[in-house]
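Let me begin by presenting the structure, written as C-alpha cells, before commenting on it.
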Amino acid sequence: MPITHTYQKYTPDGVCGIVANDSVPVKYLNDAGGRNGVNCVSGCGSDIAVWNIRGSFKESLISRENGSKPVSALAVSVDPVTSEPLIAVGYIDGWVALYSLWNQKLEYTFRAGRHRVNSIDFSGCTISCAAESELHVMDVLSGAGYRLKGHRGAVTIVKILNQQQILLSGGRDSFIKFWCLRTQHCFLTLTGHPGPVWGLALSADRKTLVTGSSDHLLRLWKLNYKTERLSSAGKSESDLLNAPRPLEKQNVSEAIPLPDYDSLVQVEFRGTIQRKTMKRVFSLTFDRGGRFLACQTLDKTLEIYILLTEAEKASRLRKKQKKARQKGDAEASSVCLTAEDELRCIFRLTLSAKLSSCDLRVSRFNSRKRPHDTKTLPPFALLHILCSYRNNLVEEYSLKISDPLPSKATLLHTSKVFHTDPDVAAAPTPLRLANRISNPGHRSAPFGCQLTEDGLGIFTLARSEGKLWNRTDLACLVTLDWGAVGSLSKKSSASDEWDDARGSTRLQADKLKASAFVLAPGSRHVVVGFENGVICLFDLLSKQATQTICDSHNSALRSLILTGDRKGVLSGGSDQRVGFWNFDFALVPGGSPTLCLKPGRPVETVADQVTALAAAPDNRLIAVGMVNFHVDVFFADSFKRVHSLYGMAAPVTCMDISADSRLLITGSGDKTVRLWELQFGNCLRRFTTHSDPVTSVRFLAGSSLAFSADLGGIIKEWDVKKLLEVCTITGHEGAVSCLSALATKPGLGKLTRQQQQKTNKRGALSQKRRKQMEEGADEEDVDVDEDICGGLLVSVGRDFSCRVWRESEELLVMEEEALMAREAAEEEAELLRAEAVIPGAVAPEAAETGPLGRPTVTTRNAADTLMEAVDIYTKQISDPAAPPDPLMAAYQTSDPDRFLFTVFSSLRLPAMGGGLAGLEHSLGMLHSDHVVRLLPCLAEWFKRGWDLELVGRAIRYLCSLHAGLVTTSTELCDALSAIQTARRSHLSETRKLIGVNLAALDFLRQKIEEEQPVTLFQDAASRRSTRVQKFKARMAKQAAVLTK
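So in the working numbering, spot 42 of the sequence shown is number 215, and the numbers just go up one at a time.
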C-alpha cells in the first residue's frame, strides 16, 4: 500500500487592511432607517463591506463563500417585493452573485465568463453585467435570463433603462449599442467616438446621455422614447411585434422591419463639451436627481458639471439672443444653445491622489438665518462627493453650491479644505472635508509584517506609517506616522553621543520612507529603519518616537533583525555595512527608565550591498545576503566568515534560519527557494516550483514546515525534513511582500525552549551526557509529535491586505490534493466546450443570444444528479414490486414521481444547480434519451400544478433546444397538447383568483369607510401623489432661483 503524506491544512482566518478595492465603484447606501448618506458600500478584497461614513467603522461584511478572487464591480438596488437592499457583485474570475444586504444571504449566482466582470448595473428587478464581449441580463423575480453578444471588443459599461425595457452598452470597439430586452436584439448603434467608450451616464429622467472616450471631449445626446408608432395606425409595440407576418424571400429581417426597432428611441446628438485635462475619461456619474455630473479622469482631477433645467435653458437662450442683438453679429432667431450651455462645468477639484471611483448625493436646498442676525442667507445646495482613492482611502467632501453659479469653472484644491468647520454657510471656501475612512488601512502597500510574541497582535509596515492590529477582531489598535521623527531634538534623552548635526538636518530635509522594521522583545517597542539610513525606536503605547539614530547608515536600510539571544538588533544597508545595537535602559531625570539602543560593537563591512540578514537562534552565526548573488555566513562574536554560499542567479531577497540553528532557507529573484545546511554550507535541495521571484521565506518554529511567497501572490508550504512541497495557498491578488509565522500550540513553545536550552548548555556537558540528552530529546519529540503541527501564518501584499491563515483540523493529503488539482484543470477545459450544441442549430459562439451565464461544475453535477434520478424513476415505474432505491430513502419518499420532482426542484438552489440562473445549462447537458423520458413527467406535473413557473420554464427550454426530437415523436406531441390545455385552465383559475381577491379588497375598503370616516387606499394614494407633486414643484422653483 503506498504511503500517503498527511498534514494539517491552513485555512483563511481573517483579512484586514483594505478600505476599498481599486477601480471598484463606491456607493452611498440607505441605512435600516431609510436615511441616505450615513452608510456606503465598497469592495474589500473578495468581500463586500458596509461602512459607517461618520464613524469610520465597518458595520457589516459579506464574505464570498467559494473562491478568493476580489470584487471587480458592484451595483445596489432595492428588492421590489420586500424593499430590502440588494447588491449585485461581479468578481475578477467572472462570477456574478446577488446578495441580500442586511441578512447577508446569497440569492443567485452564475458565471458570466472566465475573465473579470467589467461593469454591472442593477435597476428594479433587472441585473445586467458585462464580461468580455458579452452582456448578461437576469430577472431577479423569476431568476431567468439570457446572454447578448454583438460588440467586437470587450464591453466596458452597461446601463439599464428599466421602464423602457432598453439596455445600453459601450465597448472598446467605440460603439454604443441599444438593446431591446423584449426581443433580445440590438436595434440601434451610436458611432462617432474616436476610441473606446470608457464612460456613460444617464440622467434621472433617462432623457440625457453623456459619454466619454479617449479624447478630451464629452459628448451630449438627447433621447426621445416612443411607445407608439405613426406607421402602425395606433397599435402598441407589443401588438406590432406579435403580429404574424409572412416571410418573403426567406429574409428574416422582413418579418419585423428595422424601422420598427428604430422607433423605440430617437437619439439626437447635441454636441461636445471641452474638458481641461488631456487624460481620458475613467467614469461618469450622475447624482440621483440627475442635476450634477461628476467626470473622473485618470489623473488627480475631478470635474463637476451641472445639467440645466428647461427654465434655465430658456433664460440662457434669452441672454444669448440679447447679447447677439447688442453686438449685431447675427440675427437673434438664429442663436441656439450649444452642448456647453446645457451641461456646464462649475467646479474643478484637484485631489491629493488618483481617484478610483466616486458617488454624488445632494443633501438639501434651504435658507437659514444666522444666530442674532436678521439677515437671511440665500438658499444653497450641499453636494456630497464620496471619493475612493487608489491609495486605499475613502473621503467625503461637502461642496457648497450657492446663488449665483460661477460663470466659469472654479478650481479648488482638496489640500486647502476646512476639516472641522461646523457652519457650512460661513466657510471661506465652498469645499469642506466632511468624513474620512483611513484608519482601517495603509496609504501605500505594506511590505513588512510580524506577529507579536503572544500571537494576539500583528504589526505591519508601509512606507509612510506602521500599524498594530488585533489579530482576534482585526481592528487597528495603533498607528505610527513619521511626522514626529523629524521634530526630535538633535540629542534625545535616549541617545547622546551618536546623534550628529548632519543627520538631524537630513531628517528635516527629506521625507522619511520606511524600509525595514523589527519588534523588540516584549512587543511594546518597534525599531524602524528608513531609506535615508535613520533608525528610530517607537513606543507602541505612547505612539511616539523615543529615540532617533541618524548616523547608523549612509544609505537605505534593507534589513533589521533581532540577535540570536534577543538582546540586540542587527542592521544591514545599501552602504555595505552591518551594524550591531544592544538594548539598554536610559535614565531620564524625574522619569522612569526607557528602552533605548546603544552601539554594541564597531560597524562591520561586507563585500556588497546587503539585501537580507538572518541570525541563528543559538547566537553563533549570522547570514548576510548581498547583491553579488552570494550569502556569506559569519561567526556572531568575531564576524569571521565561515561559508560563502553561491549558485543563485539573482540576489537573495529573504532568508530565515530554523529554530535548531541547523538549516538556512533562502529565496531569490531567480524564482528558486534553496535549503542549506549551516554546518557544512552545502545546498540540500533547490525548489523551483515558483513562477515568480520569491519575496519572503519563513520557518515555523518547532516543526519541519517552512513557507515561501512570490510576486505572483502564491504562498507555498514545504516540508524541509522530507524535502517536498506540501501545498499552495492562494488568496492575494498581486505580489506577497512578507510572511510571518508563529507556533501557537503549547507543545511547540515547550519544544522550542528545550532546544534553546540544549544549544546553550551543549558546550559545558560531557560527550556521554550530551548523547543521553539527545536520546531523551528524541523520545520527547515522539511524545509531542501530536502538538508540533500547529501555527499561525500572516501575509501582507500589494493589494493592501493583511491575511491571517490558521491551521485547521482538516487533514491535507498531498496525493489527493494533486489529484484534485488535475481534475479541476480538466474540468475547466471541459466546461469551455460543455454548452449544449444541437446538430443543425447555430453554434453558441456565433449566436447573438443564448442562455444566461456559462456552464460550471455545479451545473454539470446537477445534470448528472437529474439523469440518475430519471434512471431510478424509470426503473421503479417499470417494476413496481421492486424495493425502493436507497437514494429515494435519502430524500424521504417512496413515491417515484415525487422523488423525481424533488430532485428536479432542487435545481433552483444555488448549491445544487447554480440557482435558477443555471437551470438552462443543467438541462442542456441532459442526454436525448433522458429528455424523452423527462418531458412526459414535466407535462404531468404541469397538469397537476406543481411549481408551474419552474416546470413551464424547463418545458419551454427543452422544446426549443430539442425541437427536431419533439416534433418527430407522437408521444411528446400529445404531451405538449395536454400542456397547452392545462395552461389555459391554470390561467383561467389565476384570473379568477385575482378577481376574487380584488373584489374582496374593494368590499373591505367599503366596509371600513362605512364604519370609520377615514379615507383609505385610492384616496390616500391620490393625496400622497398630490403632496409629492407640490414638493417637486417647490424644489424646482428653488433650483431655478439657485441658478439665476
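We put the CB at the ideal spot given by N, CA and C, even for glycine.
The structure displayed is predicted, hence computed values, not measured ones.
Check the Cα spacing between Q447 and each of K486, E513, A497 and L382: the tightest is with E513. For V1104, the enclosing alpha helix (DSSP H) stretches over residues S1101 to R1117. Classified as buried, P790 has 16 or more neighbouring CB atoms from the shown chains inside 10 Å of its CB.
Listed as beta-bridge partners of A1036 by DSSP are no residues whatsoever.
R814 counts as exposed, since fewer than 16 other C-beta atoms from the protein chains shown sit within 10 angstroms of its C-beta.
Between the segment 1027–1036 and the segment 322–330 there are fewer than three C-beta pairs closer than 8 Å, too few to call the two in contact.
For S728, there is no enclosing alpha helix (DSSP H), as DSSP marks it with neither H nor E. The Cβ-Cβ distance between R392 and P369 does not fall below 8 Å. When DSSP states are grouped into helix, strand and coil, P1059 belongs to the helix group. Y562 is classed as buried because its beta carbon has at least 16 other beta carbons within 10 Å across all chains shown.
Under DSSP, F459 forms a beta bridge with L466. A374: member of the beta strand (DSSP E) spanning G372 to L375, first to last residue. DSSP, read as helix, strand or coil, puts F758 in strand. The straight-line gap separating the alpha-carbon atoms of A787 and S968 is approximately 19 Å. The DSSP-derived three-state label of F802 is coil. Between the alpha carbons of P613 and C189 lies a distance of about 7 Å. In the same chain as H1135, and ignoring 5 residues on each side of it, the C-beta atoms closer than 6 Å to its own belong to V1104, in chain order. About 31 Å separates the CB atoms of D186 and W849; that is not less than 8 Å, and the two are not in contact.
Comparing alpha-carbon positions, the option among T767, G764 and T736 lying closest to G752 turns out to be T736.
Residue environment for G228: exposed (fewer than 16 other C-beta atoms within 10 angstroms of its C-beta). Our two residues, G326 and S306, have alpha carbons roughly 5 Å apart in a direct line. According to DSSP, P1024 shares a beta bridge with Y319. F351 is bridged by DSSP to L341 and L361. A Cβ-Cβ separation of about 10 Å leaves V867 out of contact with I838 under the 8 Å criterion. Secondary structure at R976: strand, using DSSP grouped into helix, strand and coil. Under the three-pair Cβ rule at 8 Å, the segment 713–721 does not count as touching the segment 736–748. The residue from T282, K278, I795 and P198 with its alpha-carbon nearest to that of N565 is P198. Your pair I330 and G343 checks out as a contact, with CB atoms roughly 5 Å apart and the cut at 8 Å. Note on geometry: alpha-carbon atoms of T625 and R731 lie some 21 Å from one another. In this model, D883 and S974 are separated by some 15 Å (Cα to Cα).
By the CB criterion at 8 Å, T784 and V800 fall inside the cutoff. In this model, G365 and R461 are separated by some 28 Å (Cα to Cα). DSSP lists A467 and F520 as the bridge partner or partners of I477.
Residues I191 of the same chain have their beta carbon placed closer than 6 Å to that of C217, with the five preceding and five following residues left out of the count.
V508 carries a coil assignment under DSSP once its states are collapsed to helix, strand and coil. Closest by C-alpha distance to G970, out of A246, H309, L692 and S617, is S617.
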